[in-house]
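J.:
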Amino acid sequence: KQEVTQIPAALSVPEGENLVLNCSFTDSAIYNLQWFRQDPGKGLTSLLLIQSSQREQTSGRLNASLDKSSGRSTLYIAASQPGDSATYLCAVPQGGSEKLVFGKGMKLTVNP
Amino acid sequence: EPEVTQTPSHQVTQMGQEVILRCVPISNHLYFYWYRQILGQKVEFLVSFYNNEISEKSEIFDDQFSVERPDGSNFTLKIRSTKLEDSAMYFCATGGARNTEAFFGQGTRLTVV
């Protein structure tokens with residue numbers, strides 16, 4: 076059974092810092108990994124999808140890497156801004172299944 | 489940019505009542521999902537739907553739950569007799585193909601009193 080862990084659960088940083096968010100998963104037989112952003116009381120916004128054959132995927136100030144063999148992904152946020160404050164979740168498909176298994180998320184606060 | 493639309497955004501219902509949550513998927517997407525998030529907990533899978541039938545469901549998705557695509561555009565989740573523990577944010581998600589990027593709606597916050 077796939078388990079997804081995100082540590083730490085929360086992070087507070089000053090504006091401008093480069094950040095690394097971590098995600099680990101137990102079953103490395105995944106098709107892809109998806110990073111989402113969730114604002115308080117809102118839905119999930121897809122940030123990046125990284126395929127199992129890829130090592131990295133970039134979108135603007137965001138860069139996601141994937142190391143299947145070690146069961147890890149990182150989301151790198153460059154030059155953080157207060158508008159980046161949100162909860163960031165990673166999700167992977169359960170092996171052989173369509174369903175996504177989510178981590179509990181990491182609540183990021185970027186202070187001006 | 490195409491988006492998944494959910495209605496209502498918030499619903500309050502009495503225990504034992506039936507509720508229907510609605511979703512308009514991204515057009516040309518063929519895979520549909522419902523997830524829920526109880527306050528403070530992880531997002532958890534309920535059901536997937538493809539080709540007008542359920543393709544997978546979780547243990548949570550018991551006989552009280554049902555899904556359908558009544559008119560070829562909407563995708564609905566029905567809870568027949570709501571319980572207090574059904575209070576959660578319910579998310580609809582859609583995908584263009586199996587195991588591709590999933591796009592989520594803004595959610596319906598269901599409060600059972």
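If you read the protein sequences in the order shown, they are chains A and B. Quick note on my numbering: the first sequence kicks off at 76 and runs consecutively. Quick note on my numbering: the second sequence kicks off at 489 and runs consecutively. Note that beta-carbon positions come from the ideal geometry of N, C-alpha and C, so glycine has one too.
Within this structure, are the beta carbons of residue 594 of chain B and residue 117 of chain A separated by less than 8 Å?
T.: Taking the second sequence and counting its residues from 1, one reaches residue 594 of chain B at position 106. Taking the first sequence and counting its residues from 1, one reaches residue 117 of chain A at position 42. A contact, by the Cβ cut-off of 8 Å.
J.: Tell me whether residue 581 of chain B is buried or exposed, calling it buried when 16 or more other Cβ atoms sit within 10 Å of its Cβ.
T.: Within the second sequence, numbered from 1, the residue matching residue 581 of chain B stands at position 93. With 16 or more Cβ atoms within 10 Å of its Cβ, residue 581 of chain B is classed as buried.
J.: In this structure, what does DSSP give as the bridge partners for residue 107 of chain A?
T.: The residue given as residue 107 of chain A occupies position 32 in the first sequence. DSSP, once it has assigned bridges, lists A:126 as partnering residue 107 of chain A.
J.: Just list the residues that DSSP pairs residue 541 of chain B with in beta bridges.
T.: The sequence position of residue 541 of chain B within the second sequence is 53, counting from 1. For residue 541 of chain B, which the question treats as bridged, DSSP gives the partners B:538.
J.: Mind listing the chain B neighbours of residue 40 of chain A? Cutoff is C-beta to C-beta under 8 Å, in chain order.
T.: Since the first and last residues shown for chain A are 76 and 187, residue 40 of chain A lies out of range.
J.: What are the residues of the stretch 97-126 of chain A that lie near chain B, defined by any Cβ-Cβ distance shorter than 7 Å?
T.: Those residues of the stretch 97-126 of chain A that come within reach of chain B (Cβ to Cβ, closer than 7 Å) are 106, 107, 109, 117, 118, 119, 121 and 124.
J.: Chain A partners of residue 544 of chain B, CB-CB under 8 Å?
T.: Within the second sequence, numbered from 1, the residue matching residue 544 of chain B stands at position 56. Result: 172, 173 and 174.
J.: Identify the contact partners of residue 179 of chain A in chain B, using a Cβ-Cβ distance below 8 Å as the criterion.
T.: Here residue 179 of chain A corresponds to residue number 104 of the first sequence, with the count starting at 1. Going along chain B in sequence order, the residues near residue 179 of chain A (Cβ under 8 Å) are 529 and 530.
J.: Just the chain B side, please: which residues come within less than 9 Å of residue 164 of chain A by C-beta, in chain order?
T.: Indexing the first sequence from 1 puts residue 164 of chain A at position 89. Neighbours of residue 164 of chain A on chain B, chain order: 530 and 531.
J.: Shorter than 8 Å from the beta carbon of residue 519 of chain B to some beta carbon of chain A?
T.: Within the second sequence, residue 519 of chain B is the residue found at index 31, counting from 1. Closer than 8 Å to some Cβ of chain A, the Cβ of residue 519 of chain B qualifies, so yes.
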